[in-house]
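Visitor:
Protein chains: 2
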Amino acid sequence: MRDQVCTRRKNPWTVKTSRSIYDNPWIAVREHEVVTPGGGDGIYGVVGFKNVALGVLPLFSNGDTVLVGQWRFALDCYSWELPEGGGRLGGDPVEEARRELSEETGLQAGAWREILRMDLSNSVSDEQAIGYLAMDLTQGAPHPDEDESLEIRRLPFKTALRMAIQGEITDAITVAMLLRAHHMAVEGDIEPALARAMILGGGETP
Amino acid sequence: MRDQVCTRRKNPWTVKTSRSIYDNPWIAVREHEVVTPGGGDGIYGVVGFKNVALGVLPLFSNGDTVLVGQWRFALDCYSWELPEGGGRLGGDPVEEARRELSEETGLQAGAWREILRMDLSNSVSDEQAIGYLAMDLTQGAPHPDEDESLEIRRLPFKTALRMAIQGEITDAITVAMLLRAHHMAVEGDIEPALARAMILGGGETP
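Taken in sequence, the protein lines are chains A and B. Using this note's numbering, read the first sequence as starting at 181 and increasing by one per residue. Using this note's numbering, read the second sequence as starting at 181 and increasing by one per residue.
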């Protein structure tokens, strides 16, 4: 969709000069001298991402999902999130998501469905996220990256959604994907027995 | 909530050295030499944000909302979004959101309600977003920043939500807020007549 939207408009910014500020394996920062849409001179610092952010919402037939807990260095804070990771730009995102889910949780999914695309922070960066629903799950052994220190927690989808609503989950991909899955369950876009388990909370007592 | 979650855990990263890479009025980039949770040496580039991202979902009593269209320099693409802007860290976010809504759309809202907090891109940045529902709306004259070139479009909430689902809206704050408002309407967390107008599409023919 993005290409279609882009080609219908003319870029109102003019770039006079650009310079590279910083580069590491994950991001490249550039500063541009610009003329703004209003005609004024300015600068624009842009953070370019070398990976696409992939999120996976594993959904068991009883309405459970899985969260991953980890310390987020950039926030200086612990964070509970859906399984996520970086996929190579130009790679096959669903294959990368499959690898990420398996590494972090040991789960293999027989059914994959793209449910979300987002630009995460478009005032400064070009980081894109793609979210998948993963169903038909079988459990294998996780094999996380040795630089990661992860906790894995299986819980009812309804509980995860409540954590997002109450501010205990704040990761944007996770919040949006949980809400999107709720929307799908309510709109009849997920198989009725599973949708019911998601909304009612599966085996949980109310 | 974030403080509570943070204090229950120990940071598994060690920072050996830190240096400033880049600084402008909106972001500051730092690179840290670290020891990872797995014990390996590494670097971590972090983009610190000088503002909090504020999003506003204006909701008219007939179920309409308002989108703002603008060219996003960092994406090199046009983007339709809810009214958004940066608020000073340490400022009163609802006052900053009120100012942003008025500047971009001319709307004044009598009722404000926080509906979402998210960390937008926590693998690299500390950028936080806060989303508000704005109701009891009255129309005044917009007075946008002269560096901005904005289009304003009033449309049924249901149509905006469909745009997000179909990938015509990709801004993360907008996608998450539209889904959150849908969740509220379905869960009985919005006044019934308004919730009905949001879900059914107001005056729109199906």
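Even for Gly, the Cβ is constructed at its ideal location relative to N, Cα and C. Bear in mind the structure is a predicted one, so any value in this text is a computation, not a measurement.
#1: Determine the chain A residues that contact residue 322(B) at a beta-carbon separation under 9 Å, and present them in chain order.
#2: If residue 267(B) sits next to residue 276(B), beta carbons under 8 Å apart, how far is it from one beta carbon to the other, in whole angstroms?
#3: Would you call the CB atoms of residue 254(A) and residue 259(B) closer than 8 Å?
#4: Using the C-alpha atoms, what's the distance from residue 286(A) back to residue 319(A)?
#5: Three or more beta-carbon pairs under 8 Å between the region 202 to 209 of chain A and the region 223 to 241 of chain B, yes or no?
#6: Determine the burial state of residue 236(B): buried for a count of at least 16 other Cβ atoms within 10 Å of its Cβ, exposed for fewer.
#7: Could you have a look at residue 232(B) and say whether DSSP puts it in helix, strand or coil?
#8: Go ahead and pull the three-state DSSP assignment for residue 199(B).
#9: By the 9 Å beta-carbon criterion, what residues does the region 298 to 313 of chain B contribute toward chain A?
#10: Work out the CA separation of residue 189(A) and residue 234(A) for me, nearest whole Å.
#11: Buried or exposed: where does residue 336(A) fall if 16 or more other Cβ atoms within 10 Å of its Cβ makes it buried?
#12: What are the start and end residues of the beta strand (DSSP E) that includes residue 215(B)?
#13: Should residue 314(B) go down as buried or exposed, given a rule of 16 or more other Cβ atoms within 10 Å for buried?
#14: Let me check one thing: in DSSP terms, what residues is residue 298(A) bridge-paired to?
#15: Residues in the same chain with beta-carbon distance under 6 Å from residue 265(A), minus the five sequence neighbours each way, listed in chain order, please.
#16: Taking a cut of 8 Å between CB atoms, which residues from the region 191 to 208 of chain B lie near chain A?
#17: Per DSSP, what kind of secondary structure is residue 354(A) in: helix, strand or coil?
#18: Of the residues 194(B), 361(B) and 321(B), which one's Cα is nearest the Cα of residue 256(A)?
#19: Leaving out five residues on either side along the sequence, give the residues of the same chain with a beta carbon under 8 Å from the beta carbon of residue 384(A).
#20: Give the single residue among 245(B), 374(B), 203(B) and 348(B) whose Cα lies nearest to the Cα of residue 299(A).
#21: With distances taken between CB atoms, is the gap from residue 332(A) to residue 248(A) smaller than 8 Å?
#22: Quick check on the burial criterion: 16 or more other C-beta atoms within 10 angstroms. Buried or exposed for residue 381(B)?
#23: Can you have a look at residue 323(B) and say buried or exposed, based on whether 16 or more other CB atoms are within 10 angstroms of its CB?
#24: Listed in chain order, which residues of the region 269 to 293 of chain B have Cβ atoms closer than 7 Å to some Cβ of chain A?
#25: Taking C-beta pairs closer than 7 Å, name the residues in chain B that residue 359(A) reaches, listed in chain order.
#26: Taking 6 Å as the limit between beta carbons, can you name the residues of its chain near residue 294(B), skipping five residues before and five after?
#27: Could you tell me how far apart the beta carbons of residue 296(B) and residue 356(B) are, in whole angstroms, since I believe they sit closer than 8 Å?
#28: Helix, strand or coil for residue 332(A)? Go by DSSP, reduced to three states.
#29: Output the distance between the C-alpha atoms of residue 328(B) and residue 250(B), rounded to the nearest integer angstrom.
#30: Between residue 282(A) and the rest of its own chain, which residues show a CB-CB distance below 8 Å, the 5 nearest in sequence each way excluded?
#31: Could you spell out where the beta strand (DSSP E) holding residue 264(A) opens and where it closes?
#32: Strictly below 7 Å CB to CB, what residues from chain A border residue 380(B)?
#33: Grab me the residues of residue 365(B)'s own chain with a C-beta within less than 6 Å of its C-beta, minus the 5 sequence neighbours each way, in chain order.
#34: Identify every residue that forms a DSSP beta bridge with residue 289(B).
#35: I need the DSSP call for residue 366(A), collapsed to helix, strand or coil.
#36: Which term fits residue 334(B), buried or exposed, when burial requires 16 or more other beta carbons within 10 angstroms of its beta carbon?
Guide: Result, derived from the coordinates:
#1: Correct list: empty, because the minimum Cβ distance to chain A is about 14 Å.
#2: 3 Å
#3: no
#4: 6 Å
#5: With the cut-off at 8 Å, the region 202 to 209 of chain A and the region 223 to 241 of chain B touch.
#6: buried
#7: strand
#8: Residue 199(B) carries a strand assignment under DSSP once its states are collapsed to helix, strand and coil.
#9: 298, 299, 300, 301, 302, 303, 304, 305, 306, 307, 308 and 309
#10: If I take the Cα positions, the gap works out to 28 Å.
#11: Counting Cβ neighbours within 10 Å, residue 336(A) comes out buried, since at least 16 surround it.
#12: 207 to 215
#13: buried
#14: 309(A)
#15: 234 and 280
#16: 191, 192, 193, 201, 202, 204, 206 and 207
#17: helix
#18: 194(B)
#19: At residue 384(A) the pLDDT is 47, less than 50, meaning the model places this residue with poor confidence and gives no usable figure here.
#20: For residue 299(A), the nearest C-alpha among the options comes from 348(B).
#21: yes
#22: buried
#23: exposed
#24: From the region 269 to 293 of chain B, no residue has a Cβ closer than 7 Å to chain A.
#25: 356, 359, 360 and 363
#26: Only 312 meet the Cβ criterion.
#27: Yes, they are in contact, since the Cβ atoms of residue 296(B) and residue 356(B) sit about 6 Å apart, within 8 Å.
#28: strand
#29: Distance between the alpha carbons of residue 328(B) and residue 250(B) is about 8 Å.
#30: 288, 320, 322 and 323
#31: Residues 264 to 268.
#32: Correct list: empty, because the minimum Cβ distance to chain A is about 13 Å.
#33: 375, 378 and 379
#34: 317(B)
#35: DSSP places residue 366(A) in helix when its eight states are reduced to three.
#36: exposed
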